[in-house]
């Protein structure tokens, strides 16, 4: 493995407009106008690291882009090595299967382990895509509240147990680190959660796509370090390295019977046996030559989070915020302002010209979610726009 050590300036400005960017070119869909600086969808405004660009350019030199196999060492071994190198976790190469996206994996596993009318236990608020994956598949949500960082993430394990004990509960859906709160589950917490799931015969799906963005003292631990039965870990390099548009992810499924059934869903029922060429090449390069970039991203995110905390503590004391343990998502409690998150979002758009997401989108109207995977100067614009929105109330 040859690691690239090229420096990367996370404060460099990249104009993403005109690239069909969901965050930038379709601002009107979320905020009613294109005249805002967006802090919405959780991708970044950073250039993809140079080793990935080089790998894609080399592949583009070959003029044929036919059906592509993923089931080989070149795809799987970088994943194994990434988990081992960055946290000391053990992933068996045989566990790994390709998937076009993490949300596809989640939805597929939900259908595999439950029937219409069954329920999925999940910590809420939660990533908004999960609502569709659960409810559009005619499953119910059994919510367990996840407090924010300023409330010490003090979730109730007994409440989780009671939810999992309900006869309709068939699955427990985790995000680790948790979106949107930024909670990183400790090894002991995961051990307790696995114990509850095993005692209640509840299958665990863990979405770990934010696994590389760890900001606090709690290290990332994959669920497969705690159990190798009744679990599946869905992940991708796309969040870390800003390659979501290239398509591609993977699932670690230790149990052969579950893995084989997932492959039937992937290959036979959905005819997705061929991988995205560019997504595959991007991930192989990311996991073999881009540790430096992942380290820099985490450090830059810490600084942006500190900037937000200092600004709010000084200028908008009614908003409660502590730096999360992980993710590049700032989850801010605005209940002290006495308005809903939808009202504040509209005020920020109208008076501050910034697009910050209402917490109602994720299941808690007392919060705002701000994606800060961007240069410091953009965060500063966002904070000034937030202040103008608050002052207009």
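Residue numbers (my numbering): 60 to 452. Every residue, glycine too, gets a C-beta built ideally from N, C-alpha and C. Owing to the predicted nature of the structure, the values given are computational and were not obtained by experimental measurement.
Beta bridge pairing from DSSP links residue 390 with 428. In this structure the stretch 238–255 touches the stretch 280–287; the number of beta carbon pairs closer than 8 Å is three or more. In the DSSP secondary-structure assignment, residue 273 is bridged to 385.
One Cα belongs to residue 390, the other to residue 177, and the distance between them is close to 30 Å.
Around residue 438, the same chain offers 363, 366, 367 and 431 as residues with beta carbons nearer than 8 Å, after the five sequence neighbours per side are excluded. In chain order, 266, 268, 293, 294, 295 and 308 place their CB closer than 8 Å to the CB of residue 161, counting only its own chain and leaving out the 5 sequence neighbours on each side. Distance check between residue 66 and each of 354, 419, 201 and 441 places 354 closest, using alpha-carbon atoms only. The beta carbon of residue 123 sits closer than 8 Å to none of the beta carbons in its chain outside the five residues before and after it.
In the displayed model, residue 185 falls within coil according to three-state DSSP, outside both helix and strand. Following the DSSP letters along the chain, one finds residue 201 inside the beta strand (DSSP E) bounded by residues 199–204. Within the stretch 238–300, the runs of alpha helix (DSSP H) that reach at least 4 residues and sit entirely inside it are, in chain order, 246–258 and 297–300. Per the Cβ contact rule, the stretch 370–383 is in contact with the stretch 394–406 (3 or more Cβ pairs under 8 Å). Looking at the DSSP output, residue 311 sits in a beta bridge with 155 and 292. For residue 218, same chain residues with a beta-carbon under 8 Å away, outside a window of 5 residues either side, are 203 and 204 in chain order. Annotation for residue 415: the continuous beta strand (DSSP E) segment containing it runs 413–417.
Between residue 369 and the set 360, 359 and 380, the nearest pair of CA atoms involves 380. Under DSSP, residue 97 shares a beta bridge with 414.
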